[in-house]
Amino acid sequence: MRTTNHWDHHRKMPDAFYDGTTGIEPVDDVIRRVLDTGYCHHIERLMVLGGFMFLCEIHPDEIYRWFMEMFVDSYDWVMVPNVYAMSQNADGGLITTKPYFSGSAYVKKMSNHRNGDWNAVWDGLYWRWILDHADELGKNPRWAMMCATGRRMAPEKQAAHRENAEAFLAGLE
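Note that my numbering has the sequence shown beginning at 309, numbered continuously upward.
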């Protein structure tokens, strides 16, 4: 599992993930807390940090290294399945039933973050990823409805999501 990269994510870990300056409020808040304490809640690890790194298509090895460097409880036996299976689905679903990532609505629901500029970026990354992988992702019954929703989305809205995502990703590199 440690060598898997099912979705062929390739980006390096940007420096902004080391100092909490991604410009995405929920991500930066969690990173700053991790810098202070070396710890955050499981949902923040999986759905905020891991999910956002997934949507940014950062290589799973880069993500594994980041979690090992940043967390006080970063034991290999925990981080390998947490990163390669749960948060990055890099194993292609050997352990989990679906990739775990979300749009901004879930993050707002599970946190105290309000609407802001970050929503458009997060949702842009979310829909870009779904649309780019809809053929494979749609085979998973737990993702089929979202893939169908993405396919039915107005072309202008799809384009706006892509534009938001691509502009953000270009600024990360």
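Ideal Cβ positions, reconstructed from N, Cα and C, are used throughout, including at glycine.
Range of the contiguous alpha helix (DSSP H) that encloses residue i
i, result
"residue 412", "412–417"
"residue 472", "463–480"
"residue 334", "333–345"
"residue 451", "Run containing residue 451: none; DSSP gives neither H nor E here."
"residue 388", "384–388"
"residue 357", "Taken as a continuous stretch (DSSP letters only), residue 357 belongs to no alpha helix (DSSP H), as it is neither H nor E."
"residue 393", "Counting along the chain, residue 393 falls outside any alpha helix (DSSP H), and DSSP gives it neither H nor E."
"residue 443", "442–445"
Per-residue DSSP class, three states only, for residue i
i, result
"residue 371", "helix"
"residue 319", "strand"
"residue 425", "helix"
"residue 326", "helix"
"residue 398", "coil"
"residue 350", "helix"
"residue 309", "coil"
"residue 408", "coil"
"residue 438", "helix"
"residue 431", "helix"
Cut-off 7 Å between Cβ atoms - residues of its own chain near residue i, not counting five sequence neighbours on either side
i, result
"residue 313", "367, 368, 398"
"residue 356", "334, 335, 338, 415"
"residue 365", "317, 318, 319"
"residue 424", "333"
Residues that DSSP places opposite residue i in a beta bridge
i, result
"residue 366", "319"
Same chain, Cβ closer than 6 Å to residue i, neighbours up to 5 away in sequence not counted
i, result
"residue 361", "371"
"residue 430", "412"
"residue 482", "Residue 482 is absent from the structure shown; the chain starts at 309 and stops at 481."
"residue 351", "418"
"residue 432", "469, 472, 473"
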